[in-house]
Each structure stands twice: as C-alpha cells, then as structure tokens.
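Asker:
Number of protein chains: 2
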Amino acid sequence: MATGTGDRRDAGRCIVNLLPLDEDERAQFTQAASDIRQVFVNGVDTRERLVWPAAFPRDLSDQVTAIIGNATVDDVRSCRRLQWLQTWSAGFERYAAPGVLPDDVMITNASGAYGPSVSEHLFAMMWSLMKRLPGYAVQQTQELWRDMGATLSPFGGTAVIIGTGDIGSHFARLVHGVGMHTIGIRRHIEVGAEGIDEMHAFTELDEVLPRADVLAMVVPSTPQTRHLLGAHNIGLLRHEAIVLNAGRGDAIDAAALTTALDRGSLWGAGLDVTDPEPLPAGHPLWKQPRCLITPHVAGGNHLRRTGDAIIAIALENVRRYAAGEALTNRRR
Amino acid sequence: MATGTGDRRDAGRCIVNLLPLDEDERAQFTQAASDIRQVFVNGVDTRERLVWPAAFPRDLSDQVTAIIGNATVDDVRSCRRLQWLQTWSAGFERYAAPGVLPDDVMITNASGAYGPSVSEHLFAMMWSLMKRLPGYAVQQTQELWRDMGATLSPFGGTAVIIGTGDIGSHFARLVHGVGMHTIGIRRHIEVGAEGIDEMHAFTELDEVLPRADVLAMVVPSTPQTRHLLGAHNIGLLRHEAIVLNAGRGDAIDAAALTTALDRGSLWGAGLDVTDPEPLPAGHPLWKQPRCLITPHVAGGNHLRRTGDAIIAIALENVRRYAAGEALTNRRR
C-alpha cells in the first residue's frame, strides 16, 4: 500500500471522507489518519436517511488517494491517483467491474454492517404475520374491534434460510433464539454459518421445503437465484408456512406466490423486495391480505446501529491505511 | 372410560370434561381417570377458538364430582357433590368468590398455559412498531411504495416490565434473548422471576421509567393498578420509548397516552387491552398512527400451544385425582 517518500511520507496522500459524522467521530477519524490529509464532506444530519448522500468534491480529484463512501463511478474514475475505496454498502460490484478502476486500487466494503438491520426486519415481519398484526393494523383504520382468528408461534418450528452470509446467519441466530430449528441453503455446504443447525446445497432445496414453517430468502443478485421459489416448488410448502424475502425480488416468481396466497395454501408472505420493483400500483400482491410489503427498507441506514457499524469498519481501515497495515473487509 | 363395576371403588366419582379433545387425547384422559367415570362433552373442532365453549350437561349435576373446564358459576353450583374444579383459564376468582362453592371444593387453574401466547403477542407488537410495520401495512392499502423513515432495534436497550408473573417472565425471556436488559416491577421484590435482571417495587416505577426503551404492562386487574401510567408520569418516558399493554386496559390513562402519542413524545404503543373495552368507534386512539390496537386476543386459545398446555395440566390432574395424589396448580 501507499508509502513512502522520506519524512514527508504522507504529503502525497489525501482521504475524502463522505460519511455523515458528528464532531466526535470526525476527531476520531482525524486521529486515525495521523498525518494524512482528510477532507470531510457531509454533516451528521443525514445519518438515519435510508441512503446517505455522497456529493463528491470534484475539485479534489487530482489529489485524492482514498475515498470513504459510495461516490459515483464517474467520481471514483476521476481520481487518477486513487489507491483505496471504502464503500459504505455491502455491494461493491459496480466499482470492481472491468475497466472502472486500475487493478491495483484496493476496494473494501461494509459487509457485516447490514446483518442486524435486514435480519431484524425479516424477524419483525415473521412475528407480525404470525400474530396477524398487518390485518389488525388495517382493520384499525375501520375502527373495528374484531378477533381475526388463530395465530402461530415460531417455537418448535423450522426455518429454512436460503443464503447464509451475514444476513442469513444473523436471521438464523434470531429465530434460533426463539426456539426454531434452522436449515441453511448455500452453495458451499462445507462452510458452516453461526446459527444454522443443518446446511444443505441448493440442489436439496425442494427436499427441505416441506419442513419449513418459515422460508427466509436472502440471496444476492445472481442469474442462478432467479425464481428459486416458483410454480414448480411453491406447492411443497406447508399451508401454514410463511415466506420472507429481503434478498432480490425475482428470487420468487411473483405470479406463483400470488396464486398460492390467493388459494390460502400459504399462511403469509413478507416481502421487502419485489419483482418488479417498485411494485407497480395495481399489482395483485398489494391487495393480498396475506402479504405484507415494505418498500426495500430493511437494509440502508434506518437503524442507528447499522451506521455505527459502517463507521467503525471505515475508522479501523483509515487507521490501517495510515499505519500501512493490511485493510479489513478487503474485496479486491 | 366410564365404568366401574368390580370393587366399584369409584362408583361415587364422575368427571365432566369440557375440553375440546381429539380421539387420542380422549383416550389419554380415559386412561388417566382409571376407573372413574368421565363424560366428554365437546369436540376438537373448537380447539383454536379464542374462547372454548362450555355447554355443561345439567342432567349430570347430581353425579358430578369433578369438572374440567370453565362451566358457568350456576352450572358449578348445581353440582352438590363437587370435589374439584379445574379451570382452563388462569383466572378462577369468580369460582372462589364467597358463597359460590363450599370451602372444601378444590380449585385448580391453567396458570402457566397463557404465558407464551400473551408474551409472544407483546413481542410481536414490539418488533412490529420498531420496524414501522403497522404503518407499512396501512400504506399498502394505498398501493404506495414509500420509505417511512428510521427504525429501532431492541438490541442493547432496556425493557421495564410491570407484572412479572407467568406472562411478564415469559416476555422478559423473549426480550432478554434479543439483547435487552430487563427491569421487573412487582409487589414482592424479594421474589425473583426468570428473565428479569433487576427487580423493583411499584413505588420505584417512576424512577425506572426514564430507562425504558420498552415498557410492557401485564398487571392483573386490581384497584391498585388503575392509571399506573398516566399524565403524572408518562412524560418520564423517552421519546423513542414503546408502551405495550396486555394486562388490563385501565392500567394506562388513555387520555394521557393519546396526548403523548399525538405530540410525538413516544415512539409508539401496542395495546391488546383498552379502556374502555372494546374501544368505541370514534376514540382518538383508533386513528393515531403510532398506536397499534388488537382486540384483546393475546390470550385465549388462538395459539395451539396454549390449548396443548392447558390440556397437559388437566390430564396430569385427572391422573392425580384418580390416584388420590395432591393436585398441581391448586389455587384453593
């Protein structure tokens, strides 16, 4: 990494820091950067916005050697001396795409920061559906005091979790803690994941679907994950099963899901991602009472803890960058 | 079942069993009752109704020595030879009231069976409010894809639980499991409760309210619990606090709660009990978006596990009754 020109070894380095920091945090970053110049751009007021703003100071492009934050691809490419990009997202693919950046530019991401936020959102949707709370919330608008019937409990049930990375493993730990058995589905079954009792390959998905009281889908966007749950296998789920999705919308065949919900052959579905997205007005899932839809808000920075975790990753990496140590969360 | 010839030692005893049992369960009860006559009244079809039906066979009043189930007070009083009443509720007070039954009639209840159901309902309301799911459910009726803003997590927060019996202790264990510190409020602070980290007396309530991220109220109906939370102390809660109530409606001053929610000086409230109850049409809480109302459904038999637990208590007591052993869950 970076380095070295005699006593003024960091005269050549410059960090542009786009994180929405408060005064104390800026002081911590300043200390971590040692004698590297660091330019702070954003104020703390945007901290709990779903997406942090990333106005990049183009006048600094010629000097910048490191960027903390999701500047645009054009901004990043404008920095000819760039050595390192730290994203505040888990996704980094657009910066790693061929031709965007020279091969020796390091990219680190915020993987690990979003597990709590997304998994908690899934967990909340699961509980809400089990106790019919979306139905009660809607009924409340009619000022109606009316029992809506039987409820479910996760206790003693089984959760099948497709995708057992940061988010899937966090979700597994949450449902494990309320008495569920957890089955993970991942490409490399030899890799364990905390919270997962049983690991299976994607080829075994249809075998485990009949065991699911809850099916949680948190797969990333790849061609292989399209319509993982569709007309060919949705009928394998129990009538009291709950389907949750916070990965990619088209991992579920929306038409097959709609049909299953309309028939009452599933207890319910909680979707934070849809296909298409945003879900257009008039789509039958909007009006399906067994379906709870949230507008892709499980991730992002709505949870204070998420922002804190991103900032902690970046702070540690600024310290390492200044000290000439290997960076954490390095993706290339 | 029924029988008793031979030495006819139980020719004098007769159980009327009002539980909604399936065939296997009836067989288990028959075996447990040994040679005591046992009359089954209800079918399994009503098992997940909020309240089980309890049509009592009055033609048997003269023979009945034990009743399993919440027959009416009049039904129970009609049984002059009654030795034992097993309720399927936690409440038993109306049967124990002066003059209803002779002092030597044993009463056992289903205490312990409702903890999971009510505490899970509170837990689901808490998560739902933290992630703004009632708002998203209502917005969904307008087919609107719109971010509603910041969310909360229980992780690292503090729950204050007023009433630490079966339900409060169950709730404490649930929130403890997702990283909350738990403070219990009970009359006899020397009695611990599983899941509670700190126990305080009712006189210390106002001192602990400022520490609450979640305030869960599960106090039974007594004159002392009226308006425990009201205009005098609701302002002690944090602006991001969530209030939950599944005990008695008038433990909260509804007017003070409405004002606090209208001002945005609380994050939200989840109420399964209200004052008055049912909440009348036109009451301002119906329209308050920070308030989630469910129509007193947290208890009852909507959760299969609740019915199973009640039946397990009753089955064990029938066995003990037949064997001449001391009954469990005895209340007098």
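Residue numbers (the numbering used here), protein chains in the order written: chain A, 27 to 358; chain B, 27 to 358.
The beta carbon of each residue, even a glycine, is placed where N, CA and C say it ideally should be.
Against chain B, with Cβ distances strictly below 8 Å, would Ala163 of chain A count as a contact?
Answerer: Closer than 8 Å: yes.
Asker: How far does the beta strand (DSSP E) with Gly119 of chain A in it reach, from first residue to last?
Answerer: The question names Gly, yet the displayed sequence has Glu at residue 119 of chain A. Not the beta strand (DSSP E): Glu119 of chain A falls in the alpha helix (DSSP H), residues 119-122.
Asker: Which residues bound the alpha helix (DSSP H) around Ala136 of chain A?
Answerer: Careful: Ala136 of chain A lies outside any alpha helix (DSSP H) and carries neither H nor E.
Asker: Report yes if the C-beta distance between Ala277 of chain A and Arg252 of chain A is below 8 Å; otherwise report no.
Answerer: Against a cut-off of 8 Å, the Cβ pair of Arg252 of chain A and Ala277 of chain A comes out as a contact.
Asker: For a quick check, are the C-beta atoms of Leu155 of chain A and Trp293 of chain A less than 8 Å apart?
Answerer: Yes. Within cutoff.
Asker: Pick helix, strand or coil for Arg63 of chain A, following the three-state DSSP scheme.
Answerer: Correct three-state label for Arg63 of chain A: strand.
Asker: What residues are listed by DSSP as bridge partners for Ile215 of chain B?
Answerer: BP columns for Ile215 of chain B are empty, so no partner.
Asker: Quick check: the Cα distance between Ala307 of chain B and Glu169 of chain A, rounded to an integer number of angstroms?
Answerer: The straight-line gap from Cα to Cα measures roughly 5 Å.
Asker: Using a 10 Å radius around the Cβ and a threshold of 16 neighbouring Cβ atoms, would you call Arg39 of chain A buried or exposed?
Answerer: Buried.
Asker: Rounding to the nearest angstrom, what Cα-Cα distance links Pro315 of chain B and Gly161 of chain B in this structure?
Answerer: Pro315 of chain B and Gly161 of chain B: Cα-Cα distance of roughly 7 Å.
Asker: Please name the residue or residues paired with Glu224 of chain A in a DSSP beta bridge.
Answerer: A:Ile209, per the DSSP bridge assignment.
Asker: Could you tell me whether the Cβ of Ala150 of chain A comes closer than 8 Å to any Cβ of chain B?
Answerer: It does; some Cβ of chain B falls within 8 Å.
Asker: How many Å lie between Val234 of chain B and Ala272 of chain B at the Cα?
Answerer: Cα to Cα, the separation comes out at about 20 Å.
Asker: What residue does the alpha helix (DSSP H) around Cys110 of chain A start on, and which one ends it?
Answerer: The sequence as given places Trp at residue 110 of chain A; Cys does not occur at that position. Looking at the DSSP string, Trp110 of chain A is not in any alpha helix (DSSP H); the run it does join, the beta strand (DSSP E), is 110-112.
Asker: To the nearest angstrom, report how far apart Asp239 of chain A and Gly275 of chain B are at their CA atoms.
Answerer: So the two alpha carbons sit approximately 33 Å from each other.
Asker: Between the Cα of Val70 of chain B and the Cα atoms of B:Leu287, B:Leu270, B:Gly333, which residue gives the shortest distance?
Answerer: Comparing Cα-Cα distances from Val70 of chain B to each of B:Leu287, B:Leu270, B:Gly333, the minimum goes to B:Gly333.
Asker: So, helix, strand or coil for Gly326 of chain B, using DSSP?
Answerer: The answer is coil: DSSP assigns Gly326 of chain B none of H, G, I, E or B.
Asker: Compute the Euclidean distance between the alpha carbons of Asp298 of chain A and His309 of chain A, then round it to the nearest angstrom.
Answerer: Asp298 of chain A and His309 of chain A: Cα-Cα distance of roughly 15 Å.
Asker: Taking only three categories from DSSP, how would you classify Val99 of chain A?
Answerer: It is helical.
Asker: From the beta carbon of Ile319 of chain A, is the nearest beta carbon of chain B less than 8 Å away?
Answerer: Yes, Ile319 of chain A lies at the interface with chain B (some Cβ there is under 8 Å from its Cβ).
Asker: Once DSSP output is grouped into helix, strand and coil, what is the label at Gly32 of chain A?
Answerer: Since pLDDT at Gly32 of chain A reaches only 38, below the 50 mark, its modelled position is unreliable, and no value is offered.
Asker: Hey, quick one: how far does the beta strand (DSSP E) through Ile319 of chain A stretch, first residue to last?
Answerer: Counting along the chain, the beta strand (DSSP E) containing Ile319 of chain A begins and ends at 317-319.
Asker: Once you ignore the five residues that flank Val202 of chain A on each side, which residues in its own chain have a CB closer than 7 Å to its CB?
Answerer: Strictly speaking, residue 202 of chain A in this sequence is His, with Val absent from that position. Thr208, Gly221, listed in sequence order.
Asker: Met159 of chain A and Ala267 of chain B: beta carbons closer than 8 Å?
Answerer: Going by the sequence as given, residue 159 of chain A is Leu instead of Met. No, the pair does not count as a contact, with Cβ atoms beyond the cut-off.
Asker: Could you name the residues of chain B that His147 of chain A contacts, counting a contact when the two beta carbons are closer than 8 Å?
Answerer: Ordered by position in chain B, the residues that pass the 8 Å Cβ test against His147 of chain A are Lys157, Thr177.
Asker: Straight-line CA distance for Trp153 of chain A to Trp153 of chain B?
Answerer: Roughly 8 Å between the two C-alpha positions.
Asker: Suppose you measure from the CA of Asp101 of chain A to the CA of Gly95 of chain A; what does that come to, to the nearest Å?
Answerer: If you take the alpha carbons of Asp101 of chain A and Gly95 of chain A, they lie about 11 Å apart.
Asker: I'd like to know whether the C-beta of Gly169 of chain B is nearer than 8 Å to at least one C-beta of chain A.
Answerer: Inspection of the sequence shows that residue 169 of chain B is occupied by Glu rather than by Gly. By this cut-off, Glu169 of chain B is an interface position.
Asker: What residues in its chain sit with their C-beta under 8 Å from that of Ala122 of chain B, if we drop five residues either side in the sequence?
Answerer: Ile133, Arg357, Arg358, listed in sequence order.
Asker: Report the three-state DSSP secondary structure of Met132 of chain A (helix, strand or coil).
Answerer: Strand.
Asker: Alpha carbon to alpha carbon, how far is Gly218 of chain A from Ala139 of chain A? Give it in angstroms, no decimals.
Answerer: Those two C-alpha atoms are separated by around 20 Å.
Asker: Who are the neighbours of Asp173 of chain B on chain A, taking C-beta pairs under 7 Å?
Answerer: Chain A residues near Asp173 of chain B: Leu76, Pro321, Val323.
Asker: What does the alpha-carbon distance come out to for the pair Thr56 of chain A and Val344 of chain A?
Answerer: In a straight line, the C-alpha of Thr56 of chain A is about 9 Å away from that of Val344 of chain A.
Asker: Based on Cα-Cα distance, which residue from B:Gly261, B:Thr300, B:Leu305 lies nearest to Asp288 of chain B?
Answerer: That would be B:Gly261, whose Cα lies nearest to the Cα of Asp288 of chain B.
Asker: Quick one: what does DSSP say Arg356 of chain A is sitting in, helix, strand or coil?
Answerer: Correct three-state label for Arg356 of chain A: strand.
Asker: Ala81 of chain A to Val269 of chain A, Cα distance in whole Å?
Answerer: Going from the Cα of Ala81 of chain A to the Cα of Val269 of chain A covers about 38 Å.
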